[in-house]
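Asks:
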Amino acid sequence: MPAQFLLNITIAFLWTLLMDEDAFYITTFLTGYLIGIGILFLMHRFFGTKFYLLRVYSTIKLLFIFVSELSQSSLLIMKQILSPRLKIKPGIFTYEHSMEGDYELTTLALLLTLTPGSVVMEVSPDGKTFYIHAMDVESSRDSVLKSIKVFEKAIMEVTRN
Numbered sequence: 009m010p011a012q013f014l015l016n017i018t019i020a021f022l023w024t025l026l027m028d029e030d031a032f033y034i035t036t037f038l039t040g041y042l043i044g045i046g047i048l049f050l051m052h053r054f055f056g057t058k059f060y061l062l063r064v065y066s067t068i069k070l071l072f073i074f075v076s077e078l079s080q081s082s083l084l085i086m087k088q089i090l091s092p093r094l095k096i097k098p099g100i101f102t103y104e105h106s107m108e109g110d111y112e113l114t115t116l117a118l119l120l121t122l123t124p125g126s127v128v129m130e131v132s133p134d135g136k137t138f139y140i141h142a143m144d145v146e147s148s149r150d151s152v153l154k155s156i157k158v159f160e161k162a163i164m165e166v167t168r169n
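With my numbering applied, the sequence shown covers 9 to 169.
What follows is the structure, encoded as C-alpha cells:
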C-alpha cells in the first residue's frame with residue numbers, strides 16, 4: 009500500500025512538472041493525482057496487493073462502524089444508568105476470535121474496550137480467546153457478539169490482502 013501511494017504522488021509530481029506551467033498549481037497536481045489513480049488501478053495486479061484506495065475505503069468504513077457502535081452502546085448505557093432501578097447482571101464470557109497477528113488482535117480488543125458496556129479483561133495465553141466483561145450479560149451478550157463479528161470483518165478488510 010505505501011508503495012502504491014508513493015508511486016501515485018510521484019506520478020502527480022511528474023505530471024505537474026511536465027505540464028510546463030510557470031507556477032505550481034494545485035489543480036494540475038490533483039489532475040496528475042487522479043491520472044495516477046487511474047494508472048495504478050489498471051496496474052495494481054502487478055503489485056501483488058489490493059489497490060490502495062480500497063484499503064483506505066475499508067479504514068474509513070471501520071471508523072464509521074466504530075462510531076456507530078459507540079453511539080448505540082452509549083445510548084444503551086445511558087438508558088440503563090438513568091432508569092430508576094438497575095436491572096443489570098454483570099458477568100464474564102469468552103469469545104474465540106479469528107484474528108491473526110498482534111495488530112489485528114490488539115485492534116479488536118481496543119475497539120471492544122472503547123465500546124461502553126464491554127471490556128476485554130484478558131486474552132488467553134494462546135491468543136485465540138478473549139475474556140470479556142459485559143455490564144449486563146443477559147441482554148447485552150448478543151449485541152456484544154454481534155459487534156465483535158462486525159468489527160472482525162471490518163478489521164480483516166483493512167489488514168488482509
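For every residue, glycine included, the Cβ atom is placed at its ideal position computed from N, Cα and C.
What does the alpha-carbon distance come out to for the pair Asp28 and Ile47?
Replies: Answer to the nearest angstrom: the Cα atoms are 21 angstroms apart.
Asks: When the distance is taken between beta carbons, is Ile100 closer than 8 angstroms to Tyr139?
Replies: Yes.
Asks: First and last residue of the beta strand (DSSP E) that includes Thr130?
Replies: Per the sequence presented here, residue 130 reads as Glu, with Thr not at that position. Segment Ser126 to Val131, the beta strand (DSSP E) holding Glu130.
Asks: Using the three-state DSSP reduction, which class does Gly99 fall into: helix, strand or coil?
Replies: Residue state, collapsed to three classes: strand.
Asks: Thr114 to Tyr33, Cα distance in whole Å?
Replies: Roughly 42 angstroms separates the two Cα atoms.
Asks: Would you say the segment 141 to 150 touches the segment 118 to 130, given that touching needs at least three Cβ pairs under 8 angstroms?
Replies: Cβ pair count under 8 angstroms is three or more, so yes.
Asks: Which one or two residues does DSSP pair with Ala20 in a beta bridge?
Replies: BP columns for Ala20 are empty, so no partner.
Asks: Give me the residue from Val131, Pro10 and Lys161 with the minimum Cα distance to Phe55.
Replies: Nearest of Val131, Pro10 and Lys161 to Phe55, Cα basis: Pro10.
Asks: Keeping to the same chain, check which residues put their C-beta closer than 8 angstroms to that of Val131; ignore five residues upstream and five downstream.
Replies: Excluding sequence neighbours, Val131 sits near Leu113, Ala117, Thr137, Phe138 and Tyr139.
Asks: Per the contact definition of three or more C-beta pairs closer than 8 angstroms, is the segment 66 to 86 in contact with the segment 34 to 44?
Replies: In short, these stretches do not touch, since the Cβ pair count stays below three.
Asks: By the DSSP assignment, the alpha helix (DSSP H) with Tyr60 in it spans what residues?
Replies: It spans Tyr60 to Leu90 - the alpha helix (DSSP H) in which Tyr60 sits, taken as one unbroken run.
Asks: To the nearest angstrom, how far is it from the Cα of Phe72 to the Cα of Ser79?
Replies: If I take the Cα positions, the gap works out to 11 angstroms.
Asks: My assumption, with CB atoms under 8 angstroms, is that Met107 sits in contact with Glu165. Please give the rounded CB distance.
Replies: Not quite, the Cβ-Cβ distance comes to about 13 angstroms (not below 8 angstroms), so this is no contact.
Asks: Determine whether the beta carbon atoms of Ile156 and Leu122 lie at a separation below 8 angstroms.
Replies: Their beta carbons are not under 8 angstroms apart, which means Ile156 does not touch Leu122 by this criterion.
Asks: Do you know how far the Cα of Val158 is from the Cα of Gly135?
Replies: C-alpha separation (whole angstroms): 20 angstroms.
Asks: Report the rounded CA-to-CA distance for Asn16 versus Asp150, giving the unit in angstroms.
Replies: In a straight line, the C-alpha of Asn16 is about 44 angstroms away from that of Asp150.
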